[in-house]
Amino acid sequence: MDSEAESRHLAFRAHGRHVVTCLLLDSDEILTGSDDTNINMYDVQTGALQKIFQGHDGGVWAMKQEGDILVSGSTDRTIRIWSISSGECLHVLRGHTSTVRCLAILNPATTSDGLVMPERPLIISASRDSTLRVWQLPNPDDLPTYQANSSGDDVSSAYLLNVLTGHQNTIRDIAAHGDTIVSGSFDCTVRVWRIPTGQTVHRLVGHTQKVYTVALDHESRRCVSGSMDNSVKIWCLDTGSCLFTLQGHTSLVGLLQFSHGFLVSAAADGTLRSWNPDDGTCKTVFSKRGGAITCFQHDSQKVIGGSDRTLKMWDINTGEHLRELLSDLIGVWQVQFDERRCVAAVQRNQLTYIEVLDFGARRDGMQDRGRRIVVDAHGCEIEGL
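At position 307 of the sequence shown (counting the first as 1) the number is 307 in the UniProt record's numbering, and the numbers step up by one without a gap.
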């Protein structure tokens, strides 16, 4: 049988015993950020370690990729911009006074007014210092500024466009499109910002506890927030009014995704829920016996979610539990999937592993995953594991 058509289960060690805080997947590589301060890059087909991006002085808590450019944020209060192909740190952006908790790369897009905004790609960063910062994404042709920073010349101001102030506590999540940013904070509020002016358009008040997650539906001019008060709220971007309060979760709502026509929330009560954003009703409950949902992703066909011991997959339309992808785990930290593969960062036997489930030609995740093949940093199989 053609190896490209076969399903495979590949696994390899990563970051020692440290937590994987960020995970990015594309057709060729896997990028992992960790609280060990490093970012690792692996070959998605062999599991071989290709590069280690070193430079942060604290744990990496946010990562975004744009082509050959990788942007990372850390507890060391800096944002680093890397060349993925060379592994070189090109720029260090300073200014935040606490952990950089969230990042977004914002590319020009058509707004509801028919304008193309922003004029050039931007980086949006948000921090435990309660501020957001808007930066120009350095052009790949720009001369590296890392050495200049090392010698004491601060070039961050060359890329800084604005500092957005108003939140009174940690900013936990952001979403952005066109000329709009939405931020959720531990001050129990959601703010809608206009990028060209840096001003707050709406301060959305209604949650009674910390806001942990936000999502943006720019086409329908709505945003969504999830909170420690167990609720999900849908807001109108134009008026700032709360359209619906979605009830059903019995614990912290820590994750939201609004994509592929589905609004899905995940909570510490061990469930995921799919909602109708047009009337606020719950369409489906994906129950997962065990601890809090720590990560999930969905598309138009399936939901894959992880908690303390397992990684499971459901049919997003019917709620049917399709299969258990991984089991006998200590923890599941991150998950990402594409048309062919599902990649999860997990803890087994007190060690951190990256598990790559290649579903083969069928690409629906329903074939047997086969023998788990553990490989070393060179991509060579390790006998007896």
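Idealized CB from N, CA, C, for every residue including glycine. No experiment lies behind these values; they were computed from the predicted model shown.
Name the residue from the options whose alpha carbon lies nearest to the alpha carbon of residue i.
| i | options | result |
| --- | --- | --- |
| Val232 | Thr239, Leu246, Ser241 and Ala267 | Leu246 |
| Thr352 | Gln334, Thr250, Val214 and Asp26 | Gln334 |
| Ile30 | His18, Phe12 and Gly16 | Phe12 |
| Thr200 | Lys210, Ala266, Val182 and Cys188 | Val182 |
| Gly226 | Gly47, Asp238 and Ser265 | Ser265 |
| Asp36 | Ile52, Tyr42 and Thr46 | Ile52 |
| Ser156 | Val20, Ile81, Thr239 and Leu93 | Leu93 |
| His207 | Phe186, Leu106 and Ile195 | Phe186 |
| Asp28 | Gly47, Phe258 and Asn38 | Gly47 |
| Cys380 | Asn349, Ile79, Leu49 and Cys22 | Leu49 |
| His56 | Ile79, Thr281 and Asp299 | Ile79 |
| Val19 | Ser34, Gly87 and Asp26 | Ser34 |
| Arg273 | Val285, Gly280, Thr75 and Thr239 | Val285 |
| Pro277 | Leu255, Cys223, Ile293 and Ser127 | Cys223 |
| Leu103 | Ala109, Gly95 and Ile123 | Ile123 |
| Val134 | Leu143, Pro144, Pro121 and Asp142 | Pro121 |
| Phe244 | Leu256, Met228, Trp275 and Ser251 | Trp275 |
| Ile316 | Ser86, Asp173 and Gln257 | Gln257 |
| Thr310 | Leu326, Ile373 and Tyr159 | Leu326 |
| Leu216 | Gly198, Thr97 and Arg191 | Arg191 |
Taking the DSSP output, what are the residues bridged to residue i?
| i | result |
| --- | --- |
| Cys236 | Arg222 |
| His9 | Leu357 and Arg372 |
| Met313 | Ile304 and Arg323 |
| residue 387 | Because the chain here runs from 1 to 385, residue 387 falls outside it and cannot be looked at. |
| Ile195 | According to DSSP, Ile195 bridges with nothing at all. |
| Lys210 | Its beta-bridge partners do not exist; DSSP assigns none. |
| Ala215 | Val224 |
| Arg273 | Ser265 and Val285 |
| Arg133 | Ser125 and Val163 |
| Thr180 | His177 and Arg194 |
Give the secondary structure of residue i by DSSP, where H, G and I count as helix, E and B as strand, and everything else as coil.
| i | result |
| --- | --- |
| Ser156 | helix |
| Val374 | strand |
| Cys102 | strand |
| Met117 | strand |
| Gln147 | In this prediction, Gln147 has a pLDDT of 49, which is less than 50 and means its spatial position is unreliable; what the coordinates show is noted afterwards. In this structure, Gln147 counts as helix in the three-state DSSP scheme. |
| Met41 | strand |
| Ser300 | coil |
| Gly379 | coil |
| Ile293 | coil |
| His202 | strand |
| Asp278 | coil |
| Ile330 | coil |
| Ser287 | strand |
| His15 | coil |
| Ala109 | strand |
| Ala48 | coil |
| Cys342 | strand |
| Asp173 | strand |
| Cys188 | coil |
| Thr352 | strand |
| Leu243 | strand |
| Ser259 | strand |
| Gln336 | strand |
Buried or exposed: which applies to residue i, given that a residue is buried once 16 or more other Cβ atoms fall within 10 Å of its Cβ?
| i | result |
| --- | --- |
| Leu24 | buried |
| Arg323 | exposed |
| Asp269 | buried |
| Arg17 | exposed |
| His15 | buried |
| Asp113 | exposed |
| His91 | buried |
| Glu355 | buried |
| Asp129 | buried |
| Gly196 | Per the sequence shown, the amino acid found at residue 196 is Pro instead of Gly. The residue is exposed, with fewer than 16 neighbouring Cβ atoms inside 10 Å. |
| Pro118 | buried |
| Asp68 | exposed |
| Pro138 | buried |
| Lys312 | buried |
| Asp279 | exposed |
| His177 | buried |
| Gln350 | exposed |
| Thr281 | exposed |
| Ser74 | buried |
At a cut-off of 7 Å, would you count residue i as near the ligand NAP, judging by its Cβ distance to the nearest heavy atom?
| i | result |
| --- | --- |
| Ser220 | In the structure shown, the ligand NAP is absent, as is every other ligand, since no ligand is present at all. |
At a Cβ threshold of 8 Å, is residue i touching chain D?
| i | result |
| --- | --- |
| Ile123 | Of the chains in the structure shown, none is chain D; there is only one protein chain. |
Review point. Fully enclosed by the UniProt repeat "WD" (53 to 92), which beta strand (DSSP E) runs are 3 residues long or longer?
Key: Runs found: 60 to 66, 69 to 74 and 79 to 83.
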